[in-house]
Amino acid sequence: MRYARDMFWADRIAGEVEARFGDLSKGGLKRPLVVRDEKTASGRVHVGSMRGVMIHGMVSQALKDRGIDNTFLYEINDTDPMDGFPVYLPEEFKKYMGFPLFRIPSPDGIAKNFADYFASEFKQVIESSGFTPTFYNVSELYLSGKMDDSIREALTHAGEIRRIYKEVSGSQKPENWYPLSVICEQCGKVGTTRVTDFDGTEVTYVCEPRAVEWAQGCSHTGKVSPFGGNATLPFKVEWPAKWKVMGVDIEGGGKDHSTKGGTRDVGGHIAREIFHHEPPFDIPYEFFLVGGKKMSSSKGRGSSAREVADLLPPKIFRLAVLSKDINQAINFDPEGDTIPVLYDLYDKLAEGYVATKDDDYARLFSLVHVGPVPQSGFLPRFSQVAFVVQMPHMQLQNEMEKLKGSPLTEAEKAEVEERALYAKRWLELYAPEKFVFKLQDSLPEAAKSLSDMQKKALGMLAQYVQSAEAMPSGEELHHFLHGLKDSVPIAPGELFKAIYTVFLAKESGPKAGWFLSSLDRALVVKLLAEAIG
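Our numbering applies: residue 4 is where the sequence shown begins, and numbers increase by one.
If you want it as structure tokens, here you go:
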């Protein structure tokens with residue numbers, strides 16, 4: 004990987020933005036550029052939405068680094084209907100299927116409404132990850148009348164919008180279809196209504212009982228003003244309307260939106276032909292997968308933004324997203340190797356950053372931090388810390404000082420403690436079996452089938468430990484184990500497998516010399532004696 008300033012994806016995109024809009028840093032900018040992203044607050048927000056947050060947030064930062072003034076807006080879409088039922092909601096909420104999200108009560112009875120309840124959790128994740136966009140709710144745009152002109156344009160040019168749908172995406176709409184859903188005056192649902200006419204002031208509509216599978220309309224027919232928050236535009240029309248209303252200059256989305264005939268393509272035509280507005284600079288990006296799957300907000304253990312944020316400190320969470328180019332999918336698997344690998348990558352970046360701040364790694368390493376970049380220091384492997392916190396006989400700070408070879412600084416102690424905290428969370432909730440260890444106090448069953456060569460090597464190890472005045476150090480044990488090949492024709496892998504089997508009932512484990520040096524000598528001698536029989 005290379006992350007020099009001209010190579011990091013956010014800097015590359017910032018350069019492309021500047022090429023499109025001109026020399027913005029030298030008087031060519033009449034107003035701050037607007038960078039925008041959004042999420043529908045229909046339930047617990049999937050961690051994949053954090054990729055959009057971080058991409059737009061980092062592009063905003065990269066533009067500022069170039070001297071280009073900009074504002075990062077983040078919209079909570081709260082006017083969509085509830086069209087899917089989150090598995091964690093009480094059954095009583097099923098009666099709100101089809102209602103606009105901002106008109107559904109909060110599950111906790113405290114938040115302003117359903118959307119506000121789930122948006123609040125997501126906002127906390129965004130801010131704790133080091134991003135500070137200006138938040139707003141789309142319902143505010145409708146209720147304040149800011150969307151009224153766009154609604155009027157869409158209804159007046161419904162035939163042209165139907166044509167664009169057909170020509171661009173192949174979607175055939177009926178001749179009497181209007182791009183709007185009103186909130187039914189009788190039942191309060193927005194997902195079941197169909198507009199049948201517009202007279203320039205009011206729309207005629209029907210609340211259809213079987214318009215959708217997930218909600219039932221009340222059959223009411225009526226006539227109402229579509230303005231002032233009484234209605235909502237369909238996404239393919241609403242999106243370009245918001246580009247104009249909010250003056251958006253830069254906005255990306257998942258790659259599925261940017262395919263030919265996709266939502267972005269349709270929206271671009273509507274923006275130019277109906278709203279007479281140039282679409283913003285696009286940033287299509289790959290998905291954020293969890294365990295190889297693109298999960299919804301209402302399904303998937305360990306897939307919500309809150310759950311993942313609780314598993315990682317901000318710098319590692321940011322690294323999980325920022326380290327991948329936007330054209331690469333991210334596969335975050337909390338039940339696999341993802342978290343130890345991320346920490347190893349962080350440590351590698353830190354090493355490169357310390358070596359020279361002009362190194363290719365320096366840009367990424369500086370950006371994963373919120374606030375000052377830490378100075379050089381000892382960074383124990385996350386997998387080593389995860390092992391130590393499972394060993395009751397080990398004292399964390401002492402073991403880390405053994406690995407470092409000198410006392411820890413206050414900053415290093417804080418880093419070790421942080422890693423221990425997150426290691427414990429991961430071990431408790433998601434860690435795969437290969438990272439879970441338990442020190443044996445008697446010979447495990449698996450160790451009773453060791454080969455003769457393994458037993459011979461373990462016998463020599465037992466003699467070495469017994470003959471020493473005190474338990475040998477990790478370095479001394481390391482050299483002894485690697486020197487055994489001169490006395491016993493055994494492959495190193497077979498030797499270490501035997502050691503881990505005897506002491507951990509596993510075929511793999513941490514660095515054997517360091518691990519053995521931390522054990523009580525009497526236990527080592529006892530188990531080795533039992534193993535060689």
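Cβ atoms here follow ideal geometry from the backbone N, Cα and C, with glycine treated the same way. Since the model is a prediction, treat every value here as computed from it, not as a measurement.
Less than 8 Å between the CB atoms is what I'm expecting for residue i and residue j, so what's the real figure, rounded?
i    : j    : result
D350 : L382 : 5 Å
M150 : L144 : 5 Å
V371 : K318 : 5 Å
L345 : Q393 : Contact flag wrong, Cβ pair sits at about 20 Å.
E281 : G225 : With 8 Å as the limit, E281 and G225 do not qualify as a contact, their Cβ atoms being about 37 Å apart.
G414 : P377 : According to the sequence displayed, residue 414 carries Ala and not Gly. Sure, about 7 Å apart at Cβ, within 8 Å.
A122 : I79  : 4 Å
H557 : S307 : In the structure as shown, the chain begins at 4 and stops at 536. Residue 557 is therefore absent and cannot be evaluated.
A501 : Q457 : 4 Å
D347 : R309 : Incorrect: roughly 25 Å between the Cβ atoms, too far for contact.
Identify the residues that DSSP records as bridge partners of residue i: which are they?
i    : result
R197 : V209
D40  : Y77
F121 : DSSP output for F121 lists no bridge partner at all.
I333 : F291
V227 : V206
I253 : V38 and F284
A234 : V185
F518 : According to DSSP, which records beta bridges pairwise, F518 is partnered with nothing at all.
F138 : Y77
P84  : P103
S307 : H49
Among the options, which residue has its Cα nearest to the Cα of residue i?
i    : options                   : result
I277 : V248, A244 and V251       : A244
V491 : G462, T504 and S476       : G462
D200 : P229, A218, S174 and F117 : P229
G46  : P35, T135 and P110        : P110
M249 : L36, Q175 and I107        : L36
P343 : L76, P435 and S174        : P435
K459 : K488, V90, N334 and M474  : K488
D40  : E94, L367, G255 and V209  : G255
N179 : C190, D83, V206 and D14   : V206
K169 : V269, K451 and L432       : V269
F102 : C210, G536 and S520       : C210
I16  : P377, P108 and I286       : I286
S142 : K500, E124, E338 and L236 : L236
W242 : L314, S153 and F368       : S153
E421 : L315, A122, L432 and E130 : L315
E338 : G220, D347, V293 and F320 : V293
A22  : K33, L66, R54 and S386    : L66
L352 : D336, G374, L325 and P177 : L325
D336 : F291, S369 and E497       : F291
What do you reckon, are the CB atoms on residue i and residue j nearer than 7 Å?
i    : j    : result
E289 : K258 : yes
G477 : G512 : no
P136 : I164 : no
F284 : I329 : no
N140 : D68  : no
V215 : F134 : no
E402 : V391 : yes
F483 : Y467 : yes
F440 : L507 : yes
T196 : Y208 : yes
M100 : A234 : no
F320 : S132 : yes
H279 : I167 : no
V227 : V193 : no
F117 : I129 : no
L464 : S520 : no
Taking buried to mean at least 16 other C-beta atoms within 10 Å of its own C-beta, is residue i buried or exposed?
i    : result
V240 : buried
L531 : buried
T204 : exposed
R304 : Interpretation of R304 is limited by its pLDDT of 48, a score under 50 that renders its predicted location unreliable; the figure taken from the coordinates is listed afterwards. Under this definition R304 is an exposed residue.
A358 : exposed
L424 : exposed
N73  : buried
Y91  : exposed
A534 : buried
D202 : exposed
V527 : buried
G536 : exposed
R213 : exposed
E94  : exposed
Q469 : exposed
S300 : Reliability of the predicted coordinates at S300 is poor, the pLDDT of 47 falling under 50, and the value obtained from them is presented with this limitation in mind. So S300 ends up on the buried side.
K42  : buried
H59  : buried
Chain E beta carbons: is any one of them nearer than 7 Å to that of residue i?
i    : result
V198 : No chain E appears in the structure shown, which is made up of a single protein chain.
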